[in-house]
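Heads up: the structure comes next, in structure tokens.
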Ligand SMILES: *[C@@H]1O[C@H](CO)[C@@H](O)[C@H](O)[C@H]1NC(C)=O
Ligand SMILES: *[C@@H]1O[C@H](CO)[C@@H](O)[C@H](O)[C@H]1NC(C)=O
Ligand SMILES: *[C@@H]1O[C@H](CO)[C@@H](O)[C@H](O)[C@H]1NC(C)=O
Ligand SMILES: *[C@@H]1O[C@H](CO)[C@@H](O)[C@H](O)[C@H]1NC(C)=O
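In mature numbering (1 follows the signal peptide of the UniProt record, and there is no 0), the protein residues as written are -20 to -1, 1 to 400.
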């Protein structure tokens, strides 16, 4: 074994010498695994750039893909040589290498061309702008790029991330990035997951989702995106989760939303959407969570055939300026656990059939203009406790028929006056 290795090493060096070909890998052997020397030096230097000069890779980890593995580094073999395929920097595990406050991204990082996954967690703390150079060298192989909890990463995402057309997962979560998204992001059509939540991105959501046939998760929440929701979201036919909550999006919801037949989560809370609810909602029949609260939507609930949305578990339409009556279709949603109708301008009676929803655990109707008697049973109040709220409905009252012992009086809904 050793002899054969020695021979091939000899042969290689001979070849290199004969042809003068610099590109032939210069390999060294540990117990079993050969690794291209340049690959190893690049790995040491790249990591040293992040963790600081006192870290000496060749000293501590002479065989990083073999018997001295580095926390956060994985390798794979190509043509009988080890290459680095996964690199995770920052405090992911207790024993992982923390990034230095004076870190630098060295050019050697981009020599690790076999990387399939690169992630930075809690690494960039001091302010730093990501340069655009280098990323192109990951174009062929990188399928996952993650920046999580790096408050130091500021200003724009580099345009060159758009060259990583094989990316399947782009996670840019809770960093300090701002400005508009680079237009080149529209080229990342292999993505299954795009998470850009918790930054300070501004500008419009690009209207370029045609061709994103594989996208399953789109999360742009907790940014400062403005403008309308582009109609091309309707092209995201595989989409399972769409979270655009906590932005400044406005205008009417596009009809094309109704094309998202497989969508299970739609969260648009805390935006400026208006123009009322329309029946594009009832066409998304896979939805289990629909959260539209805190938008000046206006309009009525009764136009929607809620009974069609049989999979709904969470429905939150609070703080939307909704008028009209509580639709009886809601009483058919047998899986519903959470129903938030509070802080609207709903009128009419409260359908007592809501009590019969087998899973209901939270029901909020407070802050409306509902009237008449609350016709729920004692059992219902016992089950719901403070997860039923009805206060701030001046014309709603609590009938005397419900007899509660002194010790259970506190279970009656707060802030609802007795009927006279
Ligand atoms: C690491 O240590 C070796 C020997 O212990 C030394 O030769 C080398 O210069 C050091 N490298 C760095 C980058 O400090
Ligand atoms: C990288 O993307 C830019 C546009 O975003 C394009 O002009 C350029 O040709 C791409 N480079 C390569 C090498 O594909
Ligand atoms: C939607 O989901 C169904 C069932 O899981 C699946 O067969 C179908 O391919 C999905 N549609 C798209 C466009 O991904
Ligand atoms: C609620 O509706 C009533 C009757 O239509 C109206 O008088 C009232 O101003 C509305 N309140 C709000 C907060 O819109």
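All C-beta atoms, glycine included, are put in the ideal place defined by N, C-alpha and C.
Burial state of residue i (16 or more Cβ within 10 Å)
i, result
"residue 380", "exposed"
"residue 360", "buried"
"residue 62", "buried"
"residue 28", "buried"
"residue 59", "exposed"
"residue 389", "exposed"
"residue 231", "exposed"
"residue 228", "exposed"
"residue 345", "buried"
"residue 45", "buried"
"residue 56", "exposed"
"residue 215", "buried"
"residue 272", "buried"
"residue 199", "buried"
"residue 179", "buried"
"residue 47", "exposed"
"residue 68", "buried"
"residue 398", "exposed"
"residue 17", "exposed"
"residue 375", "exposed"
"residue 204", "exposed"
"residue 82", "exposed"
"residue 103", "buried"
"residue 369", "buried"
"residue 65", "buried"
"residue 394", "exposed"
"residue 19", "buried"
"residue 298", "buried"
"residue 201", "buried"
"residue 335", "buried"
"residue 116", "exposed"
"residue 177", "buried"
"residue 183", "exposed"
"residue 14", "buried"
"residue 149", "buried"
Three-state secondary structure (DSSP) of residue i
i, result
"residue 308", "helix"
"residue 285", "coil"
"residue 90", "helix"
"residue 39", "helix"
"residue 205", "coil"
"residue 256", "coil"
"residue 19", "helix"
"residue 104", "coil"
"residue 264", "coil"
"residue 54", "strand"
"residue 335", "helix"
"residue 359", "helix"
"residue 327", "strand"
"residue 389", "helix"
"residue 27", "helix"
"residue 237", "helix"
"residue 70", "strand"
"residue 215", "helix"
"residue 395", "coil"
"residue 351", "strand"
"residue 366", "helix"
"residue 187", "coil"
"residue 377", "strand"
"residue 47", "coil"
"residue 197", "strand"
"residue 372", "coil"
"residue 78", "coil"
"residue 222", "strand"
"residue 318", "strand"
"residue 247", "strand"
Distance between beta carbons of residue j and residue i, contact taken as under 8 angstroms
i, j, result
"residue 123", "residue 164", "Contact doesn't hold; Cβ gap of about 17 angstroms is too wide."
"residue 403", "residue 142", "As displayed, the chain neither begins before -20 nor continues past 400, which places residue 403 out of reach and without an answer."
"residue 300", "residue 275", "6 angstroms"
"residue 354", "residue 324", "About 17 angstroms; that fails the 8 angstroms criterion."
"residue 280", "residue 304", "4 angstroms"
"residue 292", "residue 268", "6 angstroms"
"residue 25", "residue 88", "4 angstroms"
Chain D contact for residue i (CB, 8 angstroms cutoff)
i, result
"residue 76", "Absent from the structure: chain D. Only one protein chain is present."
Query raised in the report: Is the segment 247 to 255 touching the segment 216 to 228, taking contact as three or more C-beta pairs under 8 angstroms?
Result: Cβ pair count under 8 angstroms is three or more, so yes.
Query raised in the report: Looking at C-beta atoms only, is the number of pairs between the segment 181 to 199 and the segment 232 to 239 that lie closer than 8 angstroms three or more?
Result: With a cut-off of 8 angstroms, the segment 232 to 239 and the segment 181 to 199 do not count as touching, because too few Cβ pairs lie within range.
**Report entry** Given 8 angstroms, three or more beta-carbon pairs between the segment 36 to 47 and the segment 70 to 88
**Finding:** Cβ pair count under 8 angstroms is below three, so no.
Query raised in the report: Of all the beta strand (DSSP E) runs that stay within the bounds of the segment 112 to 184, which reach a length of 3 or more residues?
Result: If we require 3 residues or more, the beta strand (DSSP E) runs fully inside the segment 112 to 184 come out as 124 to 135, 149 to 159 and 173 to 175.
Query - Segment contact flag, the segment 129 to 145 with the segment 86 to 95, C-beta cutoff 8 angstroms, min 3 pairs - result: The segment 129 to 145 vs the segment 86 to 95: no contact.
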